[in-house]
Every structure is written in C-alpha cells, then in structure tokens.
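Trainee:
Chains as they are written, first to last, in the numbering used here: chain U, 1 to 161; chain X, 1001 to 1171.
(1) Is the region 1131–1140 of chain X in contact with the region 139–148 of chain U, if contact means three or more CB pairs nearer than 8 Å?
(2) Leaving aside the five residues before and after residue 160 (chain U) along the sequence, list all residues of the same chain whose C-beta is less than 6 Å from its C-beta, in chain order.
(3) I'd like to know whether the C-beta atoms of residue 176 (chain U) and residue 1064 (chain X) end up nearer to each other than 7 Å.
(4) Given that residue 1104 (chain X) touches chain U, what residues does it touch there, using C-beta distances under 9 Å?
(5) Per DSSP, which one or two residues make a beta bridge with residue 141 (chain U)?
(6) So is residue 1133 (chain X) in contact with chain U if we call contact Cβ pairs under 7 Å?
(7) Mapping the DSSP letters down to three states, classify residue 1136 (chain X) as helix, strand or coil.
(8) On the criterion of 16 or more Cβ atoms from any shown chain inside 10 Å, does residue 1058 (chain X) qualify as buried, or is it exposed?
(9) Going by the CB atoms, is the gap between residue 1146 (chain X) and residue 1054 (chain X) shorter than 7 Å?
(10) Rounded to the nearest angstrom, what separates residue 23 (chain U) and residue 83 (chain U) at their Cα positions?
(11) Taking just the CA atoms, how far does residue 1155 (chain X) sit from residue 1103 (chain X)?
(12) Looking only at DSSP bridge pairs, what is residue 153 (chain U) linked to?
(13) To the nearest angstrom, how far is the alpha carbon of residue 118 (chain U) from that of residue 96 (chain U)?
(14) To the nearest whole angstrom, what separates the beta carbons of residue 38 (chain U) and residue 92 (chain U), a pair I think is in contact under 8 Å?
(15) Just list the residues that DSSP pairs residue 6 (chain U) with in beta bridges.
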C-alpha cells in the first residue's frame, strides 16, 4: 500500500542556528505538516515564512491560554507568520503546523498552528496572501538569538491517495 | 517501515480499569501519537484525566490549559505529578458518549525535556460540553518508555474505553 503520510525532510540542529529552511519542497503532495520541537536561546517569537516572502502578506487569529486567562487576538499585514510568542522559561516547546493545498497557484494559503510552550497553549489560524504561488520553501526563524542544539524540525507530506 | 505505525491498542474490558498503560515503548521512532476514546465511572458529568511517563510520580510535570465549555472560556495551569489529559464524561453525562483525545509527543527518545501537545473534546449533546487545548511539559531528560493515562479522583475507565499508541518514523 502506498504511504499517505511521508517524511520529506528532517533537520536536527548539531549547533545553534537562527533559522532552518526547507527548500525545494516536492510538489507531489496534497498538504504539508510541519513538526517543530525546539528551544530558543532567549525569550523571542518564532516565525515562519513561505518562499522567502518578506512582504506584509501574513495575518493570523489566535486563541491563547496562559494558565490564568484565555484570550483571542489577531495580527494583520505582518512580514512573517508568528508560530508562537516567546517562552520565558526557555524550555523545549512543540509546534504543529498544518498547511493546506500548498501546491496550488490560484488561491492564497491558509494554515493551522498548535503551539505548546511551558508558558501557554495556543491555536492559530494563519493566512499567506502573496500573489498565489505554490509553496516551495519554508523558513522557520527567530529574530534575535538562536534555536539551541538538539532542536528538531520535520516536514511531512500528506497524499490524498 | 510505514511512517505512521501502530505500536499498541488497549481496550478496557468489563469491570473497567484504573489505568491505560503503554509499556516497553520501542525507541525506534521519531515521535509518538496517542489517540484515546474514554469515559469514567464517576457520577459527575465531567472529570479530568492525567498523563504520566515512566511511572514518574514526582512533581516534574507542568501544563497550561485553554478550555471552552460552550458558553465561556478559561485557562488554568498546574505544576504537579502529572499532565492534565483533558476531560472525559462520567456517568452523570449523556449515556454512551466518550471523550476524544490526541496527544503528540515529539522527540520522545531524546535527552531533552519532553514537550507534549494535546487536543481534547467531550461533546455531550447537552448544555455543557468541553473542548480543551493543553500544552504539557515533563521536566525529565529520560527517554519515554512507559505511558500511563488515568482518571483523576481515583475513578476508573469504563468498558470500551480505548487508546492507541502510534510511532512516527522519518523513514
């Protein structure tokens, strides 16, 4: 039986890095799943970009629970998609990103993020509204500091059949 | 090897069970996923469950919860001897309805602290329901070899509660 959930690439940091890039993403799947298990060197946001697009084409709406209050917010016209806000405890955190219909060149791209840090639980829905293009590159990065050694990043492809 | 591999399924039999355990977890995968369908034998409508690794009953766990019940939302946290595994129905809720849970555990065989992402719903076809997102952390560098999931308050899983553990492979 053909596999429908396939690992495309995985990266485990042997040394600290400020960004991790998945390039030349095969265009043979229906959807993508990105799993990130990472620790940052300082309390900073973790971001994601598609196709190295640095224009103000990203927006999101989120639900957040910080252990004492629930909240919702949104950001529009951002130059990156925020995967998670900073984690003051600097523990390892887990992010799961579902990216839908990533190969089509006719519609904007939407994605769901589940973010888990020692500081909060969050769910986000994001939009990338660059001129419709297939996603061929994903860049996960921090603005300052680095991802620590041992952080892992894995991209999976989902086949419809 | 497939990417998504069933390691073990546990189904609770007649008489119920105090815990659901996955033991001797193979260390050959990248990540683990638990899917659980459960209901408790306590008389209340809803009750929280708990997740524990390697039989570690020390206060080495912390969690943050975001929860909605159909009319309001709240958030709470804990630093204790387990990660809250979300809410399941008890006998006080609508009959024959079980809660559904998923837990994603990346890098379970590694030597860093273990971060867990959990989603849970306990729909009830009644006034109150529960939906919950949980971020959990086990502050241990040990590889996960055993997972225990149990109802809070010393209650039991009822018959037909079930859970499956999957291993995710990168190859």
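The C-beta atom is built at its ideal place from N, Cα and C for all residues, glycine as well. Fair warning: this is a prediction, and the values are worked out from it, not measured in the lab.
Mentor: The relevant details are as follows:
(1) no
(2) 30
(3) Nothing can be reported for residue 176 (chain U), as the shown portion of chain U is limited to 1 through 161.
(4) 35, 94, 96, 114 and 116
(5) U:19 and U:47
(6) yes
(7) strand
(8) exposed
(9) yes
(10) 19 Å
(11) 21 Å
(12) U:11 and U:36
(13) 15 Å
(14) 7 Å
(15) U:157
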